[in-house]
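Numbering (my numbering), first residue to last: 5 to 620.
Here is the structure we will look at.
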């Protein structure tokens with residue numbers, strides 16, 4: 005019995021010893037692991053982790069500047085900033101981004117576009133910079149996020165200022181809009197100026213005056229806790245707000261113009277011939293610029309982009325149309341200046357004109373002709389045959405030279421970038437474009453604004469202002485402030501007709517009187533539309549631009565043509581004749597009635613200023 009007891013104690017002692025050595029070995033291994041890890045963190049990665057530790061405690065946060073406001077001529081806000089709640093994520097505080105996005109998606113609906121833009125932004129963000137995921141959170145959505153904040157590491161809900169356009173589609177093409185910064189924007193933007201800013205001007209004044217409206221960002225050093233919550237602000241440099249813009253554009257006039265256009269496709273530009281200030285600029289149809297501010301969804305954008313009526317297209321400065329008979333006053337001035345005709349010279353119009361040796365007939369718009377026509381009557385009744393007869397006496401070279409003085413064939417230099425130069429054809433242009441010489445028949449149709457010639461409504465308004473000023477050039481502009489680094493240098497110069505001051509004055513008198521009779525004379529082409537009941541003198545000129553050619557011997561019949569094949573209606577005008585305060589150009593695509601639109605806009609602008617408000 006004692007021997008068994010002694011034997012058992014020996015076995016137990018050996019077992020205990022083994023266990024002790026195992027424990028000691030385990031402790032040694034653990035210590036070695038801990039020391040190794042400590043060496044790795046404290047020595048090998050010391051610099052990196054020391055910096056990261058400091059960044060986790062003290063962060064440098066960008067403070068975006070407040071974007072400048074945009075006002076109309078009467079101080080009405082056209083572009084403002086309003087508070088919006090944005091859900092953003094700090095990437096460095098997230099272990100599993102996909103899981104986090106899935107959790108957020110259970111609380112707040114996320115679109116494919118929002119996720120795509122977020123992933124793009126994450127790749128180019130600065131360390132610890134909150135990356136916006138969703139804009140314009142509702143109160144309910146903010147509550148859901150707040151309740152679940154404990155399981156959403158790195159998620160922040162911040163109040164930021166977001167651009168808003170209170171007038172909606174009225175100024176979409178002129179004021180323009182801001183949109184989310186994309187990869188293409190980043191190639192031209194200075195990143196230091198856009199710290200904490202998510203948008204930039206895309207079109208219109210928002211784009212061309214971006215450097216003025218943006219301002220300069222500030223920054224602050226903040227102390228945060230482990231979850232990233234700000235404990236206190238250590239240092240702060242406030243941002244510099246953007247500058248405001250004051251425009252010549254008049255909201256009430258814009259609304260009158262839109263109502264007058266009445267859902268049709270077209271454009272209108274009205275300007276003050278004394279200053280060049282653009283009073284109204286319409287492209288119809290339009291769109292709501294607010295759709296683009298925080299990112300438009302694909303379906304909505306595709307709907308706008310593929311709309312047959314092209315609402316995204318700025319017809320006022322990008323639309324190029326045959327100017328048609330609206331250039332006849334300018335061509336009449338050229339004929340007088342070049343001594344090709346006198347006011348008394350007459351042409352007999354039998355309804356058509358033929359070049360010598362040609363069987364082709366260039367038809368007058370009035371099938372039976374106007375009989376004997378002099379220069380003034382040719383403008384009043386818009387006779388084509390009179391100008392056909394003079395076309396090759398003037399020649400394409402002189403035609404090109406003279407119309408270029410009125411701004412044709414070059415950009416007007418308005419202070420938005422969306423502008424085209426139109427087309428003022430010449431021998432050189434024809435050779436370069438088609439490899440062919442210029443033919444006499446092309447001059448015949450060019451002198452009445454058809455053929456290759458194209459002009460924008462903005463160019464037509466500018467040329468009308470030059471006529472109203474009797475040759476004095478003014479450059480169209482939207483913004484009242486003089487900001488040379490944004491606005492284009494003026495290209496124009498005053499027009500002289502080449503005679504004595506007295507002779508030139510007589511020529512201007514003749515042309516302006518003829519344009520006045522277009523509206524006031526019973527025979528004038530605009531009289532039956534807008535001439536009755538005028539309380540002031542208006543000078544104008546009608547125009548009809550062909551969209552499809554009509555064969556020899558056929559008559560134009562709008563009812564037989566598809567809508568988009570019908571003629572465009574154009575009208576230019578200025579008033580009052582004795583002291584011009586407004587010059588206007590209107591085009592209605594595939595529709596009549598441009599003169600009626602112009603009359604309503606001019607009435608709305610002039611009658612209150614002339615003390616005739618309410619006069620019919």
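Heads up, the beta-carbon is just placed ideally off N, CA and C, and yes, glycines get one too.
query                                                                                                                       : result
Residue 378 in three-state terms, based on DSSP                                                                             : strand
Cβ-Cβ distance between residue 396 and residue 327 below 7 Å                                                                : no
Any 3 or more C-beta pairs closer than 8 Å across the region 468-488 and the region 294-308                                 : no
Residue burial classification, residue 299 (beta-carbon count within 10 angstroms, cutoff 16)                               : buried
Secondary structure of residue 226, DSSP reduced to three states                                                            : strand
Beta-carbon proximity check, residue 227 vs residue 238, cutoff 7 Å                                                         : yes
Residue closest to residue 127, alpha-carbon to alpha-carbon, out of 96, 147, 498                                           : 96
Neighbourhood of residue 59 by C-beta distance below 6 Å, restricted to the same chain and skipping five residues each side : Low per-residue confidence applies at residue 59: pLDDT is 48, beneath 50, and the placement is therefore not dependable, though the value from the model is reported in the following sentence. Nothing meets the Cβ criterion.
Alpha helix (DSSP H) segments (min. 4 residues) lying fully within the region 438-497                                       : 444-450, 461-472
Presumed contact (8 Å Cβ cut-off) between residue 76 and residue 251, rounded CB distance                                   : 6 Å
Residue 402 - DSSP class collapsed to helix/strand/coil                                                                     : helix
Reduced DSSP secondary structure (H/G/I, E/B, other) of residue 385                                                         : coil
Those runs of the alpha helix (DSSP H) which lie wholly inside the region 118-175 and span at least 4 residues              : 143-151
Delimiting residues of the alpha helix (DSSP H) encompassing residue 520                                                    : 505-524
Continuous beta strand (DSSP E) stretch holding residue 542: start and end                                                  : That residue, residue 542, is in no beta strand (DSSP E); it is neither H nor E in DSSP.
DSSP state of residue 668 mapped onto helix, strand, coil                                                                   : Beyond the ends of the chain as shown, which are 5 and 620, falls residue 668; an answer cannot be given.
Exposure label - residue 198; buried when at least 16 CB within 10 Å                                                        : buried
Neighbourhood of residue 531 by C-beta, 7 Å cutoff - its chain only, sequence neighbours within 5 removed                   : 523, 524, 525
Given residue 485 as reference, the closest of 419, 156, 535, 275 once Cα atoms are compared                                : 419
Range covered by the alpha helix (DSSP H) that runs through residue 86                                                      : Taken as a continuous stretch (DSSP letters only), residue 86 belongs to no alpha helix (DSSP H), being part of the beta strand (DSSP E) at 81-93.
Residues bridged to residue 67 [DSSP beta-bridge criterion]                                                                 : 222
Beta-carbon proximity check, residue 351 vs residue 527, cutoff 7 Å                                                         : no
The region 401-413 in contact with the region 426-438 per 3-pair CB rule at 8 Å                                             : yes
Simplified DSSP state of residue 609, which is helix, strand or coil                                                        : helix
Top-ranked residue by Cα proximity to residue 500, from 547, 341, 592                                                       : 341
Residue 130 classed as buried or exposed, judged by whether at least 16 other C-beta atoms fall within 10 angstroms         : exposed
Residue 391 and residue 452 closer than 7 Å at C-beta                                                                       : yes
Supposed contact pair residue 208 and residue 214 - C-beta distance, whole angstroms, cut 8 Å                               : In fact, because the Cβ distance is near 11 Å, the residues do not count as touching under 8 Å.
Nearest candidate by alpha-carbon position, reference residue 631, set 388, 292, 398                                        : This structure gives no information on residue 631, because the portion of the chain shown stretches from 5 to 620.
Inter-residue spacing [alpha-carbon to alpha-carbon] between residue 138 and residue 294                                    : 16 Å
Any non-hydrogen atom of the ligand ATP within 6 Å of residue 323 CB                                                        : Judged by which ligands are present, the structure shown has none, so any question about the ligand ATP falls away.
Which residues DSSP lists as bridging residue 353, in chain order                                                           : 375
Residue 320, enclosing alpha helix (DSSP H) - first and last residue                                                        : 319-322
Exposed unless 16 or more other CB atoms sit within 10 angstroms - verdict on residue 334                                   : buried
For residue 348, three-class secondary structure by DSSP                                                                    : coil
Beta-carbon proximity list for residue 607, same chain, < 8 Å, skipping 5 on both sides                                     : none
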